[in-house]
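Going by UniProt numbering, the first residue of the sequence shown is number 1, and it counts up by one from there.
Quick reminder that beta carbons are idealized off the backbone N, C-alpha and C, glycines included.
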Amino acid sequence: MKIAVFGTGYVGLVTGVCFAEIGYNVTCFDIEETKIDTLSQGKCPIFEPGLEEMLRRNLANGRLSFTNDGKAACRNADYFFIAVGTPEKEDGSANLEYLEGAIAEIANNLNKDAILVIKSTVPVGTNERVKDKLKANIPRELRVSVVSNPEFLREGSGILDTFHADRIVIGADDQETGRAVARLYEPFDRPILQTDVRSAELIKYAANAFLATKISFINEIANLCEHMGADIGDVAKGIGMDHRIGSQFLNAGIGYGGSCFPKDTKALEKLTESCNYDFKILRSVIEVNSRQKQQLFYKAKELFGSLHGKRVAVLGLAFKPHTDDIREAPAMELIARLLDEQADISVYDPAASGKVSPVFGSSLYYAENADAAIKGADAVFIMTEWPEITEYDLARYRLLMRQPIIFDGRNCYDVAEAEAAGIAYVSVGRKAVNVQVSLKR
């Protein structure tokens, strides 16, 4: 069984490596020559726990290879998995440029009947258009079936999510093709849901939009807690214990980021516009998240009046822990605003600093650890809940900072412990402590 995976970004690379791990012969294709060279040497260009070790193991046993030669990638492939990016355009709709490029590459080099599986997140109806385009551009004697197989990988947990998926969604308009793809997934021994193509396409958008809704909802409740004198930790725990609601995605903070939720919610909003449907809840989710990302900055402005010349440390740059992905990360927006204020900024992240330096260059100080980042700081912003940050000793803030003021966007610390430590502590949806005491010093 030979599988060709087009795209070696997060989804494509995890998919290809995991398919090789269970015994399939996998060739991964990408147009970026430097990335292919890096991967062929057994080096992983993204930070994902356990992925590089699995990559090297399957390169060594010959089940995994990488190429930027379309003809070599397509040669004798039984399945084509399309996992290229579909970034948002300026208007929020999905950019299908890379998908179209992959389809053209396959059409030009196809040499046998095959099944094309689209894992990329695409607007409803895309699979049908791909099928029509392939028919028009491949030899008449060849037969290619197109299947929708959306991915539900969480960055930082990609391997776990592949081998222990809640479900595998396969959308096909003919049962035979759907069953063929289902058999491919049998070694994973996970629940499989077979649907029509359009339902499968919409499932991905609907799932991400619902999870984004939970995040924006709990953040609105957190803001209400601050006005009403309630504690969002207790409120979230209380509603999360209801099995109809569940506790996941009820952690109040500074909003969602990353490569999926922002892009997919905006793309779904554009889809609703195309069919003249007013999706009011989704529009509110997007608006709430945009506002939430700015909350800590405005809280700091309220306390300091001006951040001009202040020494500020930002702990955590990636949009979530265990990844180096900074796309739509709240920290990036915060840093831009702090630079506008002409603050003196130091940053620390266990994995993402290398992704941030090309963006902000020498305007930031890139610390090797939290100690170096917060030393002499007037304020600290916690933006990502890395273990290195959540487990950081509160006493060290008092020891190293000019004045210990923490703006915690991930509610990493217990309020009572921060108060007892004599630290000015401002979090999300909970009371601020020691603020006035600290600013009077």
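Burial state of H322 is buried, judged by a 10 Å Cβ sphere holding 16 or more other Cβ atoms. No Cβ-Cβ contact shorter than 8 Å links T15 with F66. In the three-state reduction of the DSSP assignment, I232 falls in the helix class, which pools H, G and I. Secondary structure at S120: coil, using DSSP grouped into helix, strand and coil. Fewer than three Cβ pairs drawn from the segment 195–204 and the segment 49–66 lie within less than 8 Å of each other, which leaves the two stretches out of contact.
DSSP places R291 inside the alpha helix (DSSP H), whose first and last residues are 280–292. Counting only runs of 3 or more residues that sit fully inside the segment 128–208, the beta strand (DSSP E) segments are 144–148, 168–171, 192–195, in chain order. Collapsing the DSSP output to three states places R410 in coil. P49 and T86 have their C-alpha atoms roughly 24 Å apart.
Per DSSP, D344 lies in no alpha helix (DSSP H); the unbroken beta strand (DSSP E) holding it starts and ends at 344–348.
Within its own chain, the residues whose Cβ lies closer than 6 Å to the Cβ of F261, once the five positions on either side in sequence are excluded, are N208, A212, listed in chain order. Under the DSSP assignment, C28 falls in the beta strand (DSSP E) whose first and last residues are 25–29.
Between V124 and L134, the C-beta gap is not smaller than 8 Å, which leaves the two residues out of contact. Following the DSSP letters along the chain, one finds V415 inside the alpha helix (DSSP H) bounded by residues 415–420.
Annotation: L334 to I159 spans about 31 Å, alpha carbon to alpha carbon.
Under the three-pair Cβ rule at 8 Å, the segment 393–406 does not count as touching the segment 267–277. Contact fails between the segment 338–357 and the segment 401–413, because fewer than three Cβ pairs, one in each stretch, are under 8 Å apart. For A372, the enclosing alpha helix (DSSP H) begins and ends at 370–374. Distances from the CA of G171 to each of V181, F163, T162 were compared; the closest alpha carbon is that of V181.
Only exposed fits A206, as fewer than 16 other CB atoms lie within 10 angstroms of its CB.
The beta carbon of R283 is closer than 8 Å to those of E269 in its chain, skipping five residues each way along the sequence. Here DSSP, grouped into helix, strand and coil, assigns R56 to helix. For L315, no alpha helix (DSSP H) run applies; the uninterrupted beta strand (DSSP E) run containing it begins and ends at 311–315, by DSSP. In the three-state reduction of the DSSP assignment, K2 falls in the strand class.
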